[in-house]
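Taking it in order: structure first as structure tokens, then the write-up.
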Amino acid sequence: MQSKRRARAVDILLILLIVLPLAGAMTLKVLTTPDAPLSEGVQISGAQIYFTIPMPIQDLPITAAQVNSWAVILSILGVCLYLTHGIKVIPDSKRQLAAEWIVDTVNRLVRSNMGEKFIGFAPFVAGILALSALSSLSSLLGLFAPTSDVNIILGWAILVFILITHYKLKGGLWAYIKGFFSPIPVFAPLNIIGEIATPISMSFRHYGNVMSGMVISTLIAFALRSLSQTVLGWLPGTLGKIPFLQVGLPAVLSLYFDIFSGCMQAFIFAMLTMMFIATAAPEDA
Amino acid sequence: MQSLDIISVNFWQIIISLVNLLIIYRIMKKFLFKPVQKVMDTRQSQVDRIFSEADDSRDSANQMKREYEQKLAGARQEADTMIKTAAQTAQLRGDQIVAEAKEQAAHARQKAEREIAQQKQQMLQDVRSEISELAVDIASKVVEREINQKDYDGFVDEFIQNVGDPS
Chain A
268 MQSKRRARAV
278 DILLILLIVL
288 PLAGAMTLKV
298 LTTPDAPLSE
308 GVQISGAQIY
318 FTIPMPIQDL
328 PITAAQVNSW
338 AVILSILGVC
348 LYLTHGIKVI
358 PDSKRQLAAE
368 WIVDTVNRLV
378 RSNMGEKFIG
388 FAPFVAGILA
398 LSALSSLSSL
408 LGLFAPTSDV
418 NIILGWAILV
428 FILITHYKLK
438 GGLWAYIKGF
448 FSPIPVFAPL
458 NIIGEIATPI
468 SMSFRHYGNV
478 MSGMVISTLI
488 AFALRSLSQT
498 VLGWLPGTLG
508 KIPFLQVGLP
518 AVLSLYFDIF
528 SGCMQAFIFA
538 MLTMMFIATA
548 APEDA
Chain B
378 MQSLDIISVN
388 FWQIIISLVN
398 LLIIYRIMKK
408 FLFKPVQKVM
418 DTRQSQVDRI
428 FSEADDSRDS
438 ANQMKREYEQ
448 KLAGARQEAD
458 TMIKTAAQTA
468 QLRGDQIVAE
478 AKEQAAHARQ
488 KAEREIAQQK
498 QQMLQDVRSE
508 ISELAVDIAS
518 KVVEREINQK
528 DYDGFVDEFI
538 QNVGDPS
């Protein structure tokens, strides 16, 4: 009885750990967003800067993207702890089944795409999937999606690039260098560009998708608001100020840009990571 | 409140994001994959053990069954042989008894026949001596003289022999 009550208390704490970071990020955004007057027109910009820390090479601005990604990380930590809390050999809770389903699915995905020897990458792939998808989906809460900041994705892509290079170097430094001069030495510049293009294309694909979705949503919302004001502006009092036409279409667009595109890009990023790393590794290693 | 430009690259932000991904990897590994994998492995080993135990007990049960069947077959054979030997013994014994009985019967008959023959002989003897005496008496009466008994015996005997011989 005592242990049951304690387990329940821990559960509540873990749910708070899932919810609170996101709620905090939302609060921070609400408190710091200035009221944009309608007359100024639409403005599309990157993440808000909360404050700036002076650093040696470049000043570090702490932006909404950073804060939101930390909030997402804390939430994921909470989800992991919640799912594995009270885990038993013979499962008796739905959340354990969910946790096992997640682990099993990712394991199978990694096994089928990379092979058995790369099974250690399963948590990494799961991390990419969770972080990317949940970051994109955080825009549903009205947050600035961290994945629409190029710095965030570029950081992930560079980490993936480091892993790719690490596995290529496992085949020997000489083989790695020789790889740039194949099939004939003239291709060397192209090969080098192609190598560097990998992280850039990966990051820009993901970032560009989420960002463009946000831009289009903002533009359409603004256009609908203007249209609503023009068409229904004659209505008396505050009734004329309510943008009725904004109901409907943005929700459908959000379904595509926020949910579908976000999950899709997370999956693509994870798949590309697996493919690149698996092909980079020498066959016999 | 200031905002970033829509595309702005910042070295430290990239580093922080890179580290973030490493952190989420650690979180996933430590708090999701490791405990779940451990539990699944434990369950797998338990299931394997249960299966192997079931296999073992099935094997031993089968072996016991085979043994019992063998024993049963042996017992049946033994019973068969026992019955057969018993029947044989009984047959032998019965035959023996019958043979003995027959022998005894034959014996008894022989004895009886011998006794009968003896008595008959005896009786014939008696009758013969009686007759000879009678004949002597009659003859002595008839001739009224003393016949020498001794001379006469031979004659009478011869006579009776011829008379009593049924052939």
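In the order they appear, the protein sequences are chains A and B. Under this note's numbering, the first residue of the first sequence is numbered 268, with each subsequent residue one higher. Under this note's numbering, the first residue of the second sequence is numbered 378, with each subsequent residue one higher. Note that beta-carbon positions come from the ideal geometry of N, C-alpha and C, so glycine has one too.
Three or more Cβ pairs closer than 8 Å define a contact, and the segment 422-439 of chain B falls short of that threshold against the segment 379-394 of chain A.
A292 (chain A) and N335 (chain A) have their C-alpha atoms some 6 Å from each other. With distances taken between CA atoms, A533 (chain A) lies nearest to A:I420 out of A:M268, A:A442, A:P517, A:I420.
The Cβ of D278 (chain A) sits no closer than 9 Å to any Cβ of chain B. Uninterrupted alpha helix (DSSP H) stretches at least 4 residues long and entirely within the segment 337-412 of chain A occur at 361-381, 389-404, given in chain order.
In the DSSP assignment, F428 (chain B) falls within the alpha helix (DSSP H) that extends over 411-520.
Around I285 (chain A), the same chain offers S342, G345, V346, Y349 as residues with beta carbons nearer than 8 Å, after the five sequence neighbours per side are excluded. Partner residues in the beta bridge of T330 (chain A), as assigned by DSSP, are A:I316. Between I544 (chain A) and the set A:L398, A:A389, A:I451, the nearest pair of CA atoms involves A:A389. Rounded to whole angstroms, the separation of the alpha carbons of Q363 (chain A) and Y434 (chain A) is 35 Å. Within 10 angstroms of the beta-carbon of D525 (chain A) lie 16 or more other beta-carbons, which makes it buried.
Leaving aside the five residues that flank A548 (chain A) on each side, the residues in its chain whose CB is nearer than 6 Å to its CB run, in chain order, Y434. For the options A:D326, A:T299, A:I340, the alpha carbon positioned closest to that of L287 (chain A) is the one of A:I340. Across the structure, S270 (chain A) and D359 (chain A) are spaced so that their CA atoms are roughly 16 Å apart. Its Cα nearest to that of I384 (chain B), the residue A:V417 stands out among A:S403, A:V417, A:I429, A:F527. When the five nearest sequence neighbours on each side are left out, the beta carbons in the same chain lying within less than 6 Å of the beta carbon of S495 (chain A) are those of P510, F511, L512, in order along the chain. In this model, Q538 (chain B) and E510 (chain B) are separated by some 15 Å (Cα to Cα). Around the beta carbon of M322 (chain A), a 10 Å sphere encloses fewer than 16 other beta carbons of the protein chains shown; the residue is thus reported as exposed. Taking 7 Å as the upper bound on Cβ-Cβ separation, chain A lies near residues I404, M405, K406, F408, L409, F410, P412, V413, Q414, V416, M417, T419, R420, Q423 of the segment 403-434 of chain B.
Residue burial is scored here from C-beta neighbours: Q315 (chain A) has at least 16 other C-beta atoms within 10 angstroms and is therefore classed as buried. When secondary structure is reduced to three states using DSSP, S385 (chain B) falls in the coil class, being assigned neither helix nor strand.
DSSP places F534 (chain A) inside the alpha helix (DSSP H), whose first and last residues are 528-547.
Going by beta carbons, Q390 (chain B) and G500 (chain A) fall outside the 9 Å limit. Of all C-beta pairs linking the segment 515-523 of chain A to the segment 392-403 of chain A, fewer than three are shorter than 8 Å, placing the two stretches out of contact. In the structure shown, the three-state DSSP call for S380 (chain B) is strand. Only those residues of the segment 382-393 of chain B whose C-beta falls short of 9 Å from the nearest C-beta of chain A are listed: D382, I383, I384, S385, V386, N387, F388, W389, Q390, I391, I392, I393. At the C-beta level, Y317 (chain A) and T294 (chain A) stay beyond 9 Å of one another.
Your pair S528 (chain A) and Y474 (chain A) does not check out as a contact, with CB atoms roughly 12 Å apart and the cut at 8 Å.
Neighbours of I460 (chain B) in chain A, taken as residues at a C-beta separation under 7 Å, are lacking, since the least C-beta distance is about 58 Å. Taking a Cβ-Cβ threshold of 8 Å, the residues of chain B close to I311 (chain A) are I383, in chain order.
At least one beta carbon of chain B lies nearer than 9 Å to the beta carbon of D416 (chain A). F428 (chain A) places its beta carbon less than 9 Å from that of P466 (chain A). Assignment of P503 (chain A) by DSSP, reduced to helix, strand and coil, places it in the coil class.
The alpha-carbon separation between I425 (chain A) and N374 (chain A) amounts to approximately 24 Å. Around the C-beta of L289 (chain A), 16 or more other C-beta atoms lie within 10 Å, and the residue is accordingly described as buried. One thing to note: M531 (chain A) has its Cβ no nearer than 9 Å to the Cβ of L376 (chain A).
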